[in-house]
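Peer 1: I'd like to ask you about the structure that follows.
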Amino acid sequence: MKKCIGVLAIALFASACSNGIDGVAVPMSKADQAQYDLEHKFQVVGIDDSELQSNCVALKDIAKDNRISSDELVGMGIGVSLSTDYSWPEDQKKILSIIMMSSYYYCPEYYYMLGK
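The sequence shown begins at 112 in my numbering and counts up by one.
The structure is reproduced here in structure tokens:
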């Protein structure tokens, strides 16, 4: 019985710490989750959902051979820097996180091609 109460207490605590109101979990849309991850995990702001989605077009073009080379990724990073407030190579990690979140949320078939 104590084990069951402990599990219930953990579940209630987790739901109270969620992104909901009054402890009720509210699922986020894909766009909201992508924005949340960019801001809170990578400290990237000012990127809207359409920019994330448009990166999938570029990924599709450069991944025709089912791989993405580091040179192709640099070229894409420079392209992303032209449409954002970030500069390549100074903000390289932030730009790469934008590309990664684009693939993770909108074109997952390219996510594992990005490597580490």
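The beta-carbon is built from N, C-alpha and C at its ideal position, and this holds for glycine as well.
#1: Need the endpoints of the alpha helix (DSSP H) that Q154 sits in, please.
#2: DSSP three-state call for E220: helix, strand or coil?
#3: How many Å lie between D176 and Y217 at the Cα?
#4: Assuming the contact rule is C-beta atoms closer than 8 angstroms, S214 and L184 should be a hit. Round their C-beta distance to whole Å, please.
#5: Which value, in whole angstroms, describes the spacing of the CA atoms of K204 and K141?
#6: Within the continuous alpha helix (DSSP H) that includes D160, where are the two ends?
#7: Excluding five sequence neighbours on each side, which residues of the same chain lie with their C-beta closer than 7 angstroms to the C-beta of V155?
#8: Nearest-angstrom Cα distance between V137 and M212?
#9: Near A174, which residues of its chain fall below 7 angstroms by C-beta distance, leaving aside the five closest residues on each side in sequence?
#10: Which value, in whole angstroms, describes the spacing of the CA atoms of S126 and D160?
#11: Tell whether a beta-carbon distance below 8 angstroms holds between G157 and T195.
#12: Look up M139 in the DSSP assignment and say whether it is helix, strand or coil.
Peer 2: The short version:
#1: Residue mapping note: residue 154 aligns to position 43 of the sequence shown, counting from 1. That residue, Q154, is in no alpha helix (DSSP H); it is neither H nor E in DSSP.
#2: Residue 220 sits at position 109 when you count from the first residue of the sequence shown. Helix.
#3: Here the question's residue 176 lines up with position 65 in the sequence shown. Here the question's residue 217 lines up with position 106 in the sequence shown. Their backbone Cα atoms lie some 20 angstroms apart in a straight line.
#4: On the sequence shown, residue 214 is found 103 positions in, with the first residue counted as 1. On the sequence shown, residue 184 is found 73 positions in, with the first residue counted as 1. Going by Cβ atoms, the distance from S214 to L184 rounds to 11 angstroms, so no, they are not a contact pair.
#5: On the sequence shown, position 93 is the one that residue 204 refers to. On the sequence shown, position 30 is the one that residue 141 refers to. The alpha-carbon atoms of K204 and K141 are separated by roughly 22 angstroms.
#6: Here the question's residue 160 lines up with position 49 in the sequence shown. Element bounds for D160: D160 to I173.
#7: Here residue 155 corresponds to residue number 44 of the sequence shown, with the count starting at 1. These residues qualify, in order along the chain: L149, K205, S208 and I209.
#8: By one-based count along the sequence shown, residue 137 stands at place 26. By one-based count along the sequence shown, residue 212 stands at place 101. For V137 and M212, the distance between alpha carbons rounds to 21 angstroms.
#9: For the purposes of this step, residue 174 is identified with residue 63 of the sequence shown, where counting begins at 1. Result list for A174: Y221 and M224, in chain order.
#10: Taking the first residue of the sequence shown as position 1, residue 126 is located at position 15. Taking the first residue of the sequence shown as position 1, residue 160 is located at position 49. In this prediction, S126 scores a pLDDT of 46, lower than 50, which makes its location untrustworthy; the coordinate-derived value is nonetheless stated afterwards. In a straight line, the C-alpha of S126 is about 27 angstroms away from that of D160.
#11: Along the sequence shown, one-based indexing puts residue 157 at 46. Along the sequence shown, one-based indexing puts residue 195 at 84. For G157 and T195, yes; Cβs fall inside 8 angstroms.
#12: Counting from 1 along the sequence shown, the entry for residue 139 is found at position 28. If DSSP states are grouped into helix, strand and coil, M139 belongs with coil.
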